[in-house]
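Residue numbers for the sequence shown follow the numbering used here, beginning at 797 and rising by one.
Note that beta-carbon positions come from the ideal geometry of N, C-alpha and C, so glycine has one too.
A quick note: this is a predicted structure, and the numbers were derived from the prediction, not measured.
Data first, discussion second: the structure below is written as structure tokens.
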Amino acid sequence: MSVTPQTAAHLTGPRGASVPAFRGRIGRDARSGHYAVPGRYRLHLSTACPQGLGVAVVHGLLGIGESCPVTVLPAVPDGPDGGHAVLRPLYEASAHRHPGPALAPVLSDDWSGRIVSTHAPDIARDLDRHFGDGRAALYPCAEEAAVEAVERLCAQEVEEAAQRAGEADAAPAHRAEALGVLLGALDVLERRLTDRDHVAGHGLTGADVTLWVTLVQLDLVHRHHLDARAVHRIADHPALWDHARRLTALPAFGAALDPAGIARRHRAHCRGLEAAGAAVQILDWAAHADGTHRLHRP
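See the structure below:
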């Protein structure tokens, strides 16, 4: 098992504390002993957080519930430090006197009772490559660069830009610049989806999962801190939001989606001011989700 240094992991807890991230890989390093054995590993996820939601969708698309079971965590962490109390024993077993909160998502090894990884992109890729049937890989080697490009675009020019654009105490010019970056990124994604069904490659990939999770966050979280005009400009990307709507209707996406849980988590952690955009919902996510396949959520 490997633990990356704090300076390399850049993992920040819900209250700003820097904590080490676990970056073990399944089947990658023979010295780690993390072989791909069905039933050995377990996921611990809160689908109210974006990282957990993405991993849950990948898990659902792969149909690997028996080979890698999931423990669904509460939307709002119950630990006094902002972590999940149920994960504390795993963290303590994996890193002596572990500093900071016990955060999700977690991929654990039931054989050793320790954590393999807390890094969502690695977890999703390892599940796909070592537990999927290989017929429709979500992270195909030929499309890896394209998938990573979409992941970077969503993280840096949508998520981070939306966060900056909604900072109530920032200068108007700062917010306007961030909104411009956000809209520019949405324009790029809109053009990609105008004449194709998927954002990278010729089929459904991890890039579509990342984009969907990003749009869920943009509508259910970030718009609460944007003005109504900004939200209308964000909504004015029909191909993009049609893509989100189609994906939400798929059982693996709709089953993992928990709008009420996302709202509870946002209210529990957010210290920002609500803006007029809160009243301008872009999609009715619950209406498009397949409610007959919902995950059990505590």
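Where residue i sits in the DSSP three-state scheme
| i | result |
| --- | --- |
| Ala817 | strand |
| Ile822 | coil |
| Asp1004 | helix |
| Leu903 | strand |
| Ile1030 | helix |
| Ile919 | helix |
| Glu940 | helix |
| Asp983 | helix |
| Val1076 | coil |
| Thr1088 | Residue placement at Thr1088 is poorly supported in this model, since its pLDDT is 41, which falls under 50; the coordinates are not used for a value here. |
| Pro1055 | helix |
| Leu1043 | helix |
| Pro801 | Annotation note: pLDDT 32 at Pro801 (below 50); position unreliable, coordinate value reported separately. Coil at Pro801, not helix or strand. |
| Leu807 | Because Leu807 sits at a pLDDT of 48, beneath the cut-off of 50, its placement in the model cannot be relied upon, and the following sentence gives the value as read from the coordinates. Reduced to three states, the DSSP call for Leu807 is strand. |
| Gly976 | helix |
| Gly1095 | Nothing about residue 1095 can be reported from this structure: the residues present for the chain run from 797 to 1094 only. |
| Glu1070 | coil |
| Arg988 | helix |
| Arg948 | helix |
| Gly896 | coil |
| Glu760 | This structure cannot speak to residue 760, because the chain is shown only from 797 to 1094. |
| Ala1083 | helix |
| Val1009 | helix |
| Gly1050 | helix |
| His994 | coil |
| His830 | coil |
Enclosing alpha helix (DSSP H) for residue i [first to last residue]
| i | result |
| --- | --- |
| Tyr837 | No alpha helix (DSSP H) holds Tyr837; the beta strand (DSSP E) holding it covers Tyr837 to Leu841. |
| Leu853 | Checking the sequence, you will find Val at residue 853 rather than Leu. Taken as a continuous stretch (DSSP letters only), the alpha helix (DSSP H) holding Val853 covers Pro846 to Leu858. |
| Pro885 | Arg884 to Ser890 |
| Glu963 | Glu963 -> no alpha helix (DSSP H), and no H or E assigned at all. |
Check whether residue i and residue j have beta carbons under 9 Å apart
| i | j | result |
| --- | --- | --- |
| Asp1023 | Ala974 | no |
| Thr843 | Asp1015 | no |
| Ala1040 | Leu1000 | no |
| His915 | Gly823 | no |
| Ala900 | Gln952 | no |
| Val943 | Gly997 | yes |
| Ala1045 | Ala1085 | yes |
| Ser904 | Tyr837 | yes |
| Gly1057 | His1021 | no |
| Leu849 | Val902 | no |
| Val851 | Ala920 | yes |
| Leu985 | His1018 | no |
| His830 | Val912 | yes |
| Thr990 | Ala1031 | no |
| Leu886 | Cys950 | no |
Beta strand (DSSP E) segment containing residue i, residue limits
| i | result |
| --- | --- |
| Val868 | Val866 to Val868 |
| Ser913 | Arg910 to Ser913 |
Distance between beta carbons of residue j and residue i, contact taken as under 8 Å
| i | j | result |
| --- | --- | --- |
| Val954 | Ala981 | 5 Å |
| Val1005 | Val853 | 5 Å |
| Arg1171 | Val995 | Here the chain has residues from 797 to 1094 only, and residue 1171 is not among them. |
Short CB-CB distance (under 9 Å) between residue i and chain D
| i | result |
| --- | --- |
| Gly879 | Looking at the structure shown, chain D is missing, and only one protein chain is on hand. |
Check: residue i C-beta below 8 Å from any heavy atom of the ligand NAD
| i | result |
| --- | --- |
| Ala1045 | Summarising the ligand content, the structure contains no ligands, and the ligand NAD is consequently not present. |
Original post:
Pairing CB atoms from the segment 854 to 861 with CB atoms from the segment 874 to 890, are three or more of them under 8 Å?
Top reply: Too few Cβ pairs lie closer than 8 Å, so no.
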